[in-house]
Structure formats: C-alpha cells, structure tokens
Amino acid sequence: MVTRINGFSGMDVDSMVKSMMVAKRIPLDKLNQDKQILEWKRDSYREINSKLVDFRTNKLIDKYGKSAALNTQKAVVSGNADALKAEASATANGIDMKVSITQLATKKTVETFGLNAPVASTKTLADLQIMKEGKDPATLTDADRTALNAEEFKFSINGVSFVDSNGKSLFTGSTSIATMVATINGNAKANVTAKYDEISGKLIINSKTSGTDGKADLVATDDNSLLDLFNQKYDSGTDGPEKYKTTNAVDAKFSVNGRDYTDKSNTVTINGVQLTLQKTTADPADPSKDIPVSITTSSDTETALQTIKSFVEDYNSLITLLNTKLDENKYRDFKPLTDEQKTAMKDTDITNWTDKAKSGLLKNDDILRSALSNMRGIISGQVVALSEMGITMGSYNSGGKIVLDEVVLKKALTENPQKAVDLFQGTGSEANNGIFDKLADKISGSLDSLVTRVGTSKFSADLTVSYKEESAMGRKLKEYNSRITNMLTILENTETRYYKQFTAMETAMNKLSSQSSSLFSTTS
C-alpha cells in the first residue's frame, strides 16, 4: 500500500490524482454503459418473450385450442344426474338419450398383504429385509449393512424387467421405498401405477388401462423377490395359496335408448356427446329398480363467441406490443448515466433521462419483425374464411390488427358451427391445421430465436425466470464483465502509480528542503 503524503509542495494530491483519473476512466464508463444497454435490451426481449409464451401456451394451446372452447352445443343432464357427466361436442346431433348403467369399467389391481408395522416411504428395501429376517438393526455391523445395501431385488411387471443395460436390478437394498415407487411409475411400458400405503405397508399396483384389456401381471424373477418384502403379513394358512390379492378388471355395461353397450372405458362418445360414467343407475333403496339418466342437447353459441372474441383481443394486444417496440423512438444522445452524473441530477431528471435511454432498443429488431410478419401472414392467408366469421383486417394504419363483427360471427356460429371449428382448430390432420395451431407453430419459431439470442425460456411466461448463460447475449455479458474487471485492475494500478510518483516527489522535495535548511544553518 502506498503512503499518501501531502507535504511541502503544497499541492492537493488527492484532487490532482482524481482529476488525472477522469480521462483514464472514460473507457470504463463506456464499457459500463454498453453493458447496461445490453441488459436493458435483454429485459425488453424478456417482456416480449413472456407475452409470446403466454399467447402461445396459455391461450392458443391450453385455452382456445381445446375442443370445448368452440363448442356450440350444450348437454343438459336430468334424472339420476350424479350417475354420469355429459359434454356435447360440435358434432352433437340433438337426439335425446336415456342412459342406464349396470356396471362401471374397473382396472386390474394387485396388492400385497402388507407389513406387520407402519413403515415410512423414506425407509430402504434393506430396512424391510431386516424386518423380514427378524433381525435387530442395532446388532448389525457395518459389513452387514454394506452387504444389505448391495443386495439386488428383482421382479417384472407386464413383462417389463426393472434392470439396467448390464442386467443389474434398479432396486437394491439402498433404494428407498419412495424411489422404487417413482421408478415403477416412470416406466411407460409397464403401463401401471404403483402406490405404497405407509400405514398398512401394502404395495398396490393398478393397471393404467381400464376394462378387461388392462394388465397388472407381477412376476418375481428370483427367490429374493422385491414383492415378498411387502408381503410380510401373508399367512398361507389363513390367506390361502395366493400370495397377492388380485382384483380383475371388468368392462363397463350400460344401455342408451334401450340398446346395450359394453366398453373398456367409462368414457364414451355417442351421438356427439361424451359420456363419463360415474356410478350405476340402480335405485339404492331397491337395486332391482333402475333410475335412468336423461340427456338433451341444445345449441349454445355463447362459449364459442366469447372464445373468438377473446382471441381477437389477445391477438390485437400482441400485435400492438410488437409494433410499439419496432417503431419506438430511439434517442441516440441519451446514454446510460454514470454514477457521477447521477449525483449532479434530481431523481425526476434521472428517471426521464433513463426512460429515453431505454427507448427504441428493439427498434426494427429482426426477431420481432419476423414474428409480426408471420402472425399477419397467417391471418391474411385466411382473409376470406375469416370475413365469413365476421373478422376483417383493420385499416392500413392499424399495423395488422383485426376487427370483429359479433353479429356476423354469431350468425355464422349458429348456421355452421363446424366451419368455425375447422377454421380455427383444424380438421384433425396436420395438413389442415387451424389458425390457432398455425400461430402457435410460428410463435414457437420466434421463441427459439429468442432462446438462442437472449437465453429466455420457451415455456415460461414468468418474468423472474433466470436467463440461460449459454446464449449470444449471455456470452457478450460475460465478455463485458471480464473486460470491466480487467480495466478496474488497470485503473487501480494506474492510480497507485500516480500516488507513488507524487509521494516520491514529496519525499524528494522534503529531503531537498532539509538539505537547504542545513546549509543555511551552517553558513550563518
């Protein structure tokens, strides 16, 4: 550390060094300003990204793209209304139906007899093995524990063996019960759902497929069966020869307008109405009697009308935002303020200056321009069909916004609701995607570009989600931070050198003054 001396020269060294450093700090100020502009630009991109994700995922896909969103038919259930749910589709033909349900479809279930005491799912398979063998955990040595943790437990479900590429079991003594259940549920080929009851210690396996097609075939592949760990309460003398409790699946049985049906599922579609069977229609007081469900359908365009109206509003809002950012004024003379500049300004002046410095950062941006062009292209490509739905292009100065005539739309939905479904949601084939899918696809491409350039999230509209560092902007910011760090080191060294030089000068002048005084004293 340099000792700073203000001595015989009478100079204000601190002020002089500070003044000399002003010019040296100009490149650093420029770097900090460039970094700030990049961070502001990144935040502006994130705002756009958030709006695009929200429109694509939350609106086009999860809201407007659902079949119920453009449904112009309404199903009314009466009679034994708790027995089923009914949802009319756009293809509902208006035929009244009377439904009786004699049997619900069930899934095949296999469950073990359980454990002799409650066991938490955080316990390991080794803990269950110790219980099974009746050992006292306190008497086990480290070697015993190591051996138990390494022990493999094998079994298969529906022909799927839970082993790795080397044939080793995925379940060892160190595997927790919770992890085992999650592994079973994570295997799509097994097609089952596993549950563990901490109170009874039962392992319960349900087929994901209802009806007689559903399977839950469990096989222990060696004497050291994983299933036996959860079967410690089994007693062949009391429980019989079957080591697991099995409930076989059955198909749903019901009748519609007197015609009998059998189905693997409790959800069926008849006459354009989706029926979800919930319970039998037998009279609880007298099971020999039946209390049927009556279903009628009627036209109701309100849901579809509100969906399209909301779509137009959301589309126009996004178009307006993109146009605003693309055309925003850019004030090139307003750079980010340095800390020193801010000290000489009022808060209101700082705010006004900063607003101008942030303005126009995305002016004529290529990603935004492409997104806007793609969205407008999809709409203009369906201009005739949309006009029949009461949707027309706005004026030349509207920037691509669309205008909705609700009277025309309501008439179109009443006369030909399927035409609206085909236009907006498509016909079900990739070659005939609707407007919603086409917009979602194009916006997906814009989001990919933002992910690459900015490091934003393609799937989250949350403005607080962290940026991915491996993006063009992320790498540039890393470069700025590195250059700023290096420049701060250079400036610190330069400032130290200046102080050393002034200190040396003060020391020399002090020495010269002492010599002069000594000489004067000698001569006198």
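To convert, take the position in the sequence shown, counting from 1, and add 88; that gives the numbering used here.
All C-beta atoms in this analysis are idealised placements derived from N, C-alpha and C, irrespective of residue type, glycine included.
- Under the DSSP definition of a beta bridge, ASP371 partners with ASP374.
- Per DSSP, ILE183 lies in no alpha helix (DSSP H) and is assigned neither H nor E.
- The three-state reading of DSSP puts LYS352 in coil, since its state is none of H, G, I, E or B.
- THR591 and ASN137 have their C-alpha atoms some 56 Å from each other.
- Around the C-beta of GLY261, 16 or more other C-beta atoms lie within 10 Å, and the residue is accordingly described as buried.
- For LEU393, the secondary structure class from DSSP, reduced to helix, strand or coil, is helix.
- Within the same chain, and ignoring the five residues on either side of THR190 in sequence, the residues whose Cβ sits closer than 7 Å to its Cβ are LYS341, PHE342 and THR368.
- Spatial neighbours of ALA500 in its own chain (CB-CB distance under 8 Å, excluding positions within 5 residues in sequence) are listed in chain order as GLU476, MET477, GLY478, LYS507 and ALA508.
- 7 Å or more divides the Cβ of LEU148 from the Cβ of PHE243.
- DSSP places SER570 in the helix class (H, G or I) of the three-state scheme.
- When the five nearest sequence neighbours on each side are left out, the beta carbons in the same chain lying within less than 8 Å of the beta carbon of ASP371 are those of LYS377, ASP378 and ILE379, in order along the chain.
- LYS256 and ALA238 have their C-alpha atoms spaced approximately 11 Å apart.
- In terms of Cα proximity to GLN124, the closest of ALA169, GLN513, ASN404 and LEU565 is LEU565.
- In the DSSP assignment, VAL141 falls within the alpha helix (DSSP H) that extends over 101-141.
- Taking one beta carbon from each stretch, the region 181-189 and the region 399-406 have fewer than 3 pairs nearer than 8 Å; the two do not touch.
- Listed as beta-bridge partners of GLY514 by DSSP are ASN521.
- Collapsing the DSSP output to three states places ASN462 in a helix.
- Measuring C-alpha to C-alpha distances from GLY274 to each of ASP285, VAL248 and ILE287 identifies VAL248 as the nearest.
- Around the CB of TYR133, 16 or more other CB atoms lie within 10 Å, so the residue is classed as buried.
- Assignment of LEU551 by DSSP, reduced to helix, strand and coil, places it in the coil class.
- Between the alpha carbons of LEU497 and GLU127 lies a gap of roughly 45 Å.
- Looking at the DSSP output, TYR284 shares a beta bridge with LEU291.
- According to the DSSP assignment, MET268 belongs to the alpha helix (DSSP H) that extends over 265-273.
- Annotated as distal: THR179 and ALA392, with beta-carbon spacing of 7 Å or more.
- Residue environment analysis places LEU576 among the exposed positions, since fewer than 16 neighbouring C-beta atoms fall within 10 angstroms of its C-beta.
- GLN362: member of the beta strand (DSSP E) spanning 361-365, first to last residue.
- Within the same chain, Cβ atoms closer than 8 Å to the Cβ of TYR332 are found at VAL198, GLU199, THR200, PHE201, LEU306, LEU315 and ASN319, the five residues on either side in sequence being excluded.
- Comparing alpha carbon positions, the residue from TYR587, TYR568 and THR595 closest to LEU116 is TYR568.
- The shortest C-alpha to C-alpha distance from SER458 to any of GLY533, ASP327, ILE572 and LYS546 is the one to GLY533.
- Counting only runs that start and end inside the region 420-504, the beta strand (DSSP E) elements of at least 3 residues fall at 479-481 and 490-492.
- Across the set SER295, ASP388 and GLN513, the C-alpha of SER295 shows the shortest separation from the C-alpha of LYS352.
- CA-CA distance, MET109 to GLU583, rounds to 7 Å.
- Within the same chain, Cβ atoms closer than 6 Å to the Cβ of ILE293 are found at VAL198, VAL280, ALA282 and ALA304, the five residues on either side in sequence being excluded.
- Straight across, the Cα-Cα distance linking LYS434 with LYS118 is about 22 Å.
- Residue burial is scored here from C-beta neighbours: VAL165 has at least 16 other C-beta atoms within 10 angstroms and is therefore classed as buried.
- Sorting GLU221, ALA231 and GLU494 by C-alpha distance to the C-alpha of PHE399 places GLU494 at the top.
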